[in-house]
Amino acid sequence: MSAGFAAKIVAWQKKHGRHDLPWQGTRDPYRIWLAETMLQQTQVATVIPYYNRFLARFPDVAALVHAPLDEVLRLWSGLGYYSRARNLHGAAHVIAAGHGGRFPRRFEQVAALPGVGRSTAAAICVFAYGARHAILDGNVRRVLARFRGIQGFPGEKTVADRLWAVAERLLPRRNLEAYTQGLMDLGATVCTRARPRCAECPVHGDCVALRRGRVARLPAPRPRKPLPRKRTIMLVLTRAGEVLLEKRPAAGIWGGMWCLPEAVRNADIAAHCLKRFGVRVTEIERLPQMAHGFTHFKLNIQPLRLRVSALVPHAAEPGVVWLPLEEARGAAIPAPVRRILAAL
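With our numbering applied, the sequence shown corresponds to residues 61 to 404, in that order.
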């Protein structure tokens, strides 16, 4: 079974798989690591322009090590899941300090890098070094869950363990790169979450989910829980074509990024701005509300545009900066802040 499965995946990949992605055709572990990190929970079409821009600015580990985190986050801005960018930056420092600046070759060392883990490490080692390791990213989980008819949500440990066992059993001895890429491509283009094209699948004849009429039900979705809603007020302080940005703490959402200051509901906005930023508010304009979704909650944002007069004597706050509007739009800011500034 395993040999036949792998052979069909490899043959399909060579004929129908993706062969022109910008990170293909290289053995450079840095480039593969960057691509695999960006592809975590993000679609290929979204990743490609970010990958090209990031690689042009940071072509290797040394360039990433010497870059300030602000610049790394700026190039990541809009891609989401910003902990990935912080982990990349942190892992580059681990590679520089612990591996002499050379990307590690051993699977255990790769998996130990910040933000990598078992499946990403496997993909890096397969594509960079031709090593034999099973992967289990989101697309592959879906393919294997359907092929073997595995019930349950893959995020649960018992289900994940079963899927890993299947992935290991089906792993071939040869053609590891084509097989691994084929599984990824099959899940991304044929065995999709919605409207899978089962007739085009090279292993549909042995697919348990297809035989039992359960393709649409597998893999099982995350158990539904109502997402809590949070609210915040974002302050768009403007003066003479400039806008005020505030650096967020390293921990928490949008950690280390530049953001619009926030205020609690029912706060005295003018008094808050005078005390916190040393500005006198001359006009308050309510901008359209917006919503932004996170994995574990939804955030409702009420932006307020505040026009301010000249600064009053005030001690400079660390992590606060006035920037020309165009420069602020290009800073390391999260997506909702970018949308707010784009509308000004």
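Using N, Cα and C, we set each Cβ at its ideal position, and we do this for glycine too.
Source: prediction; values computed, not measured.
Option in the options with minimal Cα separation from residue i
i: Thr298; options: Ala95, Gln84, Ile400, Phe114; result: Ile400
i: Trp136; options: Arg271, Ala402, Leu404, Arg398; result: Arg398
i: Leu115; options: Ala388, Arg162, Leu148, Val154; result: Leu148
i: Arg234; options: Ile293, Ala191, Pro82; result: Ala191
i: Leu404; options: Ile393, Gly247, Arg389; result: Arg389
i: Ala269; options: Met350, Gly198, Gln211; result: Gln211
i: Val168; options: His153, Ala152, Ala157, Cys185; result: Val is not the amino acid found at residue 168; the sequence shown has Glu there. Nearest C-alpha to Glu168: Cys185.
i: Gly312; options: Glu386, Ser143, Ala392, Val339; result: Ser143
i: Thr249; options: Lys290, Arg202, Gly150; result: Arg202
i: Ile92; options: Ala71, Leu364, Val176, Val70; result: Val176
i: Pro363; options: Gly158, Gln349, Ala123; result: Gln349
i: Met98; options: Ala145, Ile329, Trp72; result: Ala145
Cβ pair residue i, residue j closer than 7 Å
i: Cys258; j: Phe207; result: no
i: Pro288; j: Phe357; result: yes
i: Lys307; j: Trp318; result: yes
i: Met294; j: Leu320; result: yes
i: Leu243; j: Val200; result: yes
i: Val368; j: Val324; result: no
i: His153; j: Val125; result: yes
i: Gly158; j: Pro174; result: no
i: Tyr141; j: Gln84; result: no
i: Leu366; j: Gly301; result: no
i: Pro89; j: Ala188; result: yes
i: Val170; j: Ala156; result: no
Residue i: first and last residue of the uninterrupted alpha helix (DSSP H) it sits in
i: Ile329; result: 329–337
i: Leu129; result: 129–136
i: Thr106; result: 104–117
i: Trp93; result: 89–98
i: Leu148; result: 143–158
i: Pro396; result: 395–402
i: Ile184; result: 177–189
i: Arg325; result: Element bounds for Arg325: n/a, residue is neither H nor E.
i: Leu246; result: 236–249
i: Ala227; result: 217–230
i: Arg206; result: 198–208
Proximal residues to residue i (C-beta, below 7 Å), its chain only, five neighbours per side dropped
i: Val381; result: Leu305
i: Leu196; result: Ser179, Leu223, Trp224, Ala227
i: Pro410; result: The structure shown does not extend to residue 410, since the chain is modelled only from 61 to 404, so the question has no answer here.
i: Gly77; result: Gln241, Gly242, Asp245
i: Gly138; result: Ala395, Arg398
i: Gly247; result: Asn199, Val200, Arg202, Val203
Near the ligand ADP: residue i beta-carbon under 6 Å from a heavy atom
i: Asp266; result: You won't find the ligand ADP in this model; it holds no ligand whatsoever.
Contact set for residue i: own chain, Cβ-Cβ below 6 Å, skip 5 residues either direction
i: Pro394; result: Trp314, Met317
8 Å CB neighbourhood of residue i in its chain, flanking five on each side removed
i: Ala66; result: Leu230, Leu231, Pro232, Asn235, Tyr239
i: Glu131; result: Arg117, Ala392
i: Thr218; result: Gly212
Residue span of the beta strand (DSSP E) that contains residue i, given as start and end
i: Trp353; result: Sequence inspection shows Gly at residue 353; the Trp mentioned does not correspond to that position. Looking at the DSSP string, the run of the beta strand (DSSP E) that includes Gly353 is 350–353.
i: Glu343; result: 341–346
Next on the checklist: Under 8 Å: do the segment 162–170 and the segment 235–247 share three or more Cβ pairs, one atom per stretch?
Outcome noted: No, the segment 162–170 does not touch the segment 235–247.
Checklist entry - Do the segment 343–361 and the segment 271–281 make contact, defined as three or more Cβ pairs closer than 8 Å? => result The segment 343–361 is not in contact with the segment 271–281.
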